[in-house]
Amino acid sequence: MVRMRSSEAGIRQDWIGGSMAFVITVAQQKGGAGKTTLAANLAASWARSRRVALLDIDPQRSLSRWHALRTPTSAAIRLAEVSGWRVAAELDRLRADYDIVLVDSPPQIDTDAKLAIRGADLVLVPVQPSLPDLWAAEGTLKLAAAERRTARVVMNRAQPTGALRDEVARLMAAGEFPMLHATLGNRIGYANAFAAGQGVVEHQPRSVAAKEIAGLAREIEAMQA
Ligand SMILES: Nc1ncnc2c1ncn2[C@@H]1O[C@H](COP(=O)(O)OP(=O)(O)O)[C@@H](O)[C@H]1O
Ligand SMILES: [Mg+2]
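As C-alpha cells, this is what we get:
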C-alpha cells in the first residue's frame, strides 16, 4: 500500500506573495482522469488574482489548445509547451516569474512526467471512482513519494452516493490515499467551459462546478497556512 506522509518534503510556507512560484504538477497515469480539466480550472480560478503560468508537457497538447481558445477578455495565463530535457529548465524559468505554475502531464509516467513531479511543490492526482483509476493513482503516488513530493488525490466525477463510491472511499482509506476534502462532481459544465476556453469560474461563476473549483483552490491555498 502507498505510504507517503512520513517522507514527504512538506509544503513550502511562502508561496503566496513569495518570490518563487508554487508549482503544482497534475499527474495520473490513467488517461481521461481529469488532469487537463483540473489544470485549466485551477489556472482560470487563480488567474483572477495571481500571475499564473501553465506548462503543458503532454504531447496531446489539450491544455495548449484550451489556452488557444481564450480571448483577450479572459484573465491572462501564460502558456509554455515543452518536452524532453527542456522541462526542468522551463520550470525553473516560470518559477521565477509567476506566483503559480500548473503542469499538465501525459497519461504515462515517462521521463518528462518524472521531471515535472520532481520539480513540484504539490502533486495533484485526479481519481475517478473506478478501480482502474485507483490502481493507476497508486503508481503516481509511489513515484511522488520516491521523489519526496507532497501529493494529494482529488476525487473527480464523484457520485453523490452509491455502492461504487463507498467502495472507492473504503479502499482509499485503507490504502492511505492522501485525499483532499474538495471533490468535483460529474458535471457537463466542466466540458462546456473547456470548449469555450474558460474555467467554470469564468464560464458559469454561480454554478456548483464553480463553487467546487473555488473550494478546491482554497483548500490548496490553506495547505501552506
Ligand atoms: N468532473 C467532470 N465532469 C464532467 N466531465 C469531466 C469531468 N472531468 C473531466 N471530464 C471530461 O472527461 C474527459 C477527460 O478529461 P481530461 O481532463 O481531458 O482528462 P486527462 O487530462 O486526465 O486525460 C474530458 O472530456 C472532460 O471534459
Ligand atoms: Mg490531459
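Residue 18 in the working numbering sits at position 25 of the sequence shown, with consecutive numbering throughout.
The beta-carbon is built from N, C-alpha and C at its ideal position, and this holds for glycine as well.
These numbers come from a predicted model, not from an experiment.
By the criterion of a C-beta distance shorter than 6 Å, Arg111 is surrounded in its chain by Glu140, once the five residues flanking it on both sides are discounted. Relative to ligand 1, the nearest heavy atom lies less than 7 Å away from the CB of Gly178. When DSSP states are grouped into helix, strand and coil, Ile17 belongs to the strand group. Taking 3 residues as the minimum length, the beta strand (DSSP E) runs contained wholly in the stretch 66 to 128 are 71 to 74, 93 to 97 and 115 to 120, in order along the chain.
Taking a C-beta distance under 8 Å as the contact criterion, Glu214 and His174 do not qualify as a contact pair. Between the C-alpha atoms of Asp49 and Ile17 there is a straight-line separation of about 12 Å. Counting of Cβ neighbours within 10 angstroms places Glu83 among the buried residues, the total reaching 16 or more.
In this structure, Ala129 and Gln21 form a Cβ contact; the two beta carbons are roughly 6 Å apart against a cut-off of 8 Å. A check of alpha carbon separations from Ser38 across Ala202, Ser123 and Asp97 identifies Ala202 as the nearest. Contact between the stretch 51 to 71 and the stretch 182 to 193 is present: three or more C-beta pairs spanning the two stretches fall below 8 Å. Excluding sequence positions up to five before and after Tyr91, its CB lies within less than 6 Å of the CB of Ala14, Arg44 and Ala46, all in the same chain and listed in chain order. In this structure, Gln53 has its CB closer than 7 Å to one or more heavy atoms of ligand 2. The shortest C-alpha to C-alpha distance from Val161 to any of Leu127, Arg150 and Glu131 is the one to Leu127. Taking 8 Å as the upper bound for CB-CB distance, Val116 and Thr154 are not in contact here, some 29 Å apart. In the structure shown, Thr176 adopts extended strand secondary structure according to DSSP, grouped into three states. A residue is called buried when at least 16 other Cβ atoms come within 10 angstroms of its Cβ; Asn34 meets this threshold and is buried. The residue from Val80, Val146, Glu205 and Lys135 with its alpha-carbon nearest to that of Leu177 is Glu205. When the five nearest sequence neighbours on each side are left out, the beta carbons in the same chain lying within less than 8 Å of the beta carbon of Arg150 are those of Gly27, Gln121, Pro122, Leu177, Gly178 and Asn179, in order along the chain. In the DSSP annotation of this structure, Met148 is not part of any alpha helix (DSSP H); the continuous beta strand (DSSP E) holding it starts and ends at Ala144 to Ala151. With a contact defined as Cβ atoms closer than 8 Å, Val193 and Phe170 miss out at about 25 Å.
Contact annotation: Arg41 and Ala68 have beta-carbon atoms nearer than 8 Å. DSSP, read as helix, strand or coil, puts Asp51 in coil.
In terms of Cα proximity to Gln191, the closest of Pro119, Pro100 and Ala32 is Ala32.
Assignment of Ala46 by DSSP, reduced to helix, strand and coil, places it in the strand class.
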